[in-house]
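Colleague:
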Amino acid sequence: MLVLLGFRGTNMILLNDLMTFLNDFMGYTDKVPKIDNYLVNGLQVAGEPEIHKIATGVSANLRFFNKAIEAGAQALLVHHSMNPPNSVYFERDKIFMSRLKFLWQHNLSLIGYHYLLDSHPQVGHNAATIRYLGGELVELYKLYGQEGWGWIGEFSDGANLSELMAKCRELFKNNGVYYPYGNETVHRIVSICGGAPPRPGDYEWLIANKIDLFITGEPREWNQEMCREANVSMVAGGHYNSESIGLHELSKVIQEKFEVDIEFVDVPNIV
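Okay, so the sequence shown: first residue is 1 according to our numbering, each after it adds one.
Right, dumping it as structure tokens:
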């Protein structure tokens with residue numbers, strides 16, 4: 001079978017138009033870099049001005065870049081962009097420089113939304129997770145900072161814990177870690193996907209605010225017994241799997257706005 005790499009269809013958008021739309025839709029303001037000084041929210045590397053295909057993925061890395069090239073993409077949209085090294089080691093950081101060089105050589109644009117894809121009320125991982133489970137958004141979950149990264153949700157008539165956990169297994173596409181230690185009827189949940197499990201000092205807040213189920217990506221060793229003692233259930237569906245959700249939701253919005261091809265490029269990760 002003949003495979004044509006980099007084939008371009010008739011649909012095309014301009015990088016500037018895409019970025020204007022995305023930054024407006026995602027709610028980018030001058031405050032965002034102060035809230036999230038860890039990863040980029042917006043355009044990190046500008047490449048070819050004309051985009052025929054966008055490749056989405058959880059994290060920026062060479063394996064993802066190569067798969068995106070094979071898929072024929074000119075722009076890459078990720079949750080985890082590249083971490084710039086400390087200025088002292090900038091030119092000696094071989095991993096960062098090899099990734100940057102690859103993007104430049106192939107004229108690829110790299111767009112990332114970290115905090116904004118965690119906290120967004122429509123396409124964010126956490127809001128989408130709560131809606132998938134049948135809950136309603138209440139307010140941002142702010143224990144990890146002054147600005148909320150996750151969401152608190154409610155089930156007005158209550159939801160069955162076993163059924164919610166079964167839905168989580170479907171959503172996160174793996175077994176993950178499941179601690180069914182809370183009430184069988186769930187009224188309030190927290191969703192903060194990725195690497196944000198409850199810290200030891202968070203449990204009193206969870207108890208006081210009657211959180212029945214805590215959903216995240218990665219667990220910590222102490223979570224098992226602290227959840228048991230706090231009577232709080234927990235799901236850790238995997239950092240990678242839990243943070244692919246928002247990319248699928250954002251892709252739908254982009255395709256409603258623009259006539260452009262979008263493909264999720266999977267680089268499976270068990271964490």
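Each residue gets a CB set at the ideal place from its N, CA and C atoms; glycine is no exception.
Can you tell me whether E245 is buried or exposed? The criterion is at least 16 other CB atoms within 10 Å of its CB, across all chains shown.
Modeller: Checking the sequence, you will find Ile at residue 245 rather than Glu. When all chains shown are included, I245 counts as buried.
Colleague: Just tell me which of N160, W149, F65 and E139 has its CA closest to the CA of A55.
Modeller: Considering only alpha carbons, the answer is F65.
Colleague: List in chain order: all unbroken beta strand (DSSP E) runs of 3+ residues lying wholly within the segment 23–52.
Modeller: Runs found: 42–45.
Colleague: Please work out which residues of its chain come closer than 6 Å, Cβ to Cβ, to M12, disregarding the five sequence neighbours upstream and downstream, and give them in chain order.
Modeller: E50 and H52.
Colleague: Identify whether H187 lies in helix, strand or coil by the three-state DSSP scheme.
Modeller: If DSSP states are grouped into helix, strand and coil, H187 belongs with the strands.
Colleague: Is there a Cβ of chain C sitting closer than 8 Å to that of V58, yes or no?
Modeller: Here chain C cannot be found, since the structure has a single protein chain.
Colleague: Return helix, strand or coil for N83, following the three-state DSSP convention.
Modeller: Looking at N83 - three-state DSSP - the assignment turns out to be coil, as it is neither helix nor strand.
Colleague: Enumerate, from N- to C-terminal direction, the unbroken alpha helix (DSSP H) stretches of 4 or more residues contained entirely within the segment 134–196.
Modeller: Those alpha helix (DSSP H) runs which fall completely within the segment 134–196 and span 4+ residues are 161–172.
Colleague: Can R188 and I211 be called in contact, C-beta distance under 8 Å?
Modeller: Yes. Within cutoff.
Colleague: Is M97 buried or exposed, if buried means 16 or more other CB atoms sit within 10 Å of its CB?
Modeller: Answer is exposed; the Cβ neighbour count stays below 16.
Colleague: With DSSP collapsed to three states, give me the class of I207.
Modeller: Note: I207 maps to helix in three-state DSSP.
Colleague: Under a Cβ-count criterion, where at least 16 other Cβ atoms within 10 Å of its own Cβ denotes burial, should Y38 be classed as buried or exposed?
Modeller: Counting Cβ neighbours within 10 Å, Y38 comes out exposed, since fewer than 16 surround it.
Colleague: Excluding sequence positions up to five away, which residues of its chain have a Cβ less than 6 Å from the Cβ of K173?
Modeller: Here the set comprises N241.
Colleague: Does the structure place the segment 145–156 close enough to the segment 115–131 that three or more beta carbon pairs sit under 8 Å?
Modeller: Yes, they touch.
Colleague: If you check the beta carbons only, do M26 and A60 fall under 8 Å apart?
Modeller: No, these two residues do not count as a Cβ contact at 8 Å.
Colleague: Based on the DSSP secondary-structure assignment, which residues constitute the bridge partners of S59?
Modeller: Per DSSP, H80.
Colleague: Since A236 is in the beta strand (DSSP E), which residue starts that stretch and which ends it?
Modeller: It spans S233 to A236 - the beta strand (DSSP E) in which A236 sits, taken as one unbroken run.
Colleague: Can you give the Cα-Cα distance for P33 and L116, rounded to whole angstroms?
Modeller: Cα to Cα, the separation comes out at about 11 Å.
Colleague: What does DSSP give as the partner residue(s) for F64 in the beta ladder?
Modeller: Per DSSP, none; premise fails for F64.
Colleague: Can you name, in chain order, every residue of its own chain whose Cβ lies under 7 Å from the Cβ of F21, other than the five neighbours on each side?
Modeller: Answer for F21: K257, listed in chain order.
Colleague: Whole angstroms is fine: what's the gap from G124's alpha carbon to V186's?
Modeller: Distance between the alpha carbons of G124 and V186 is about 22 Å.
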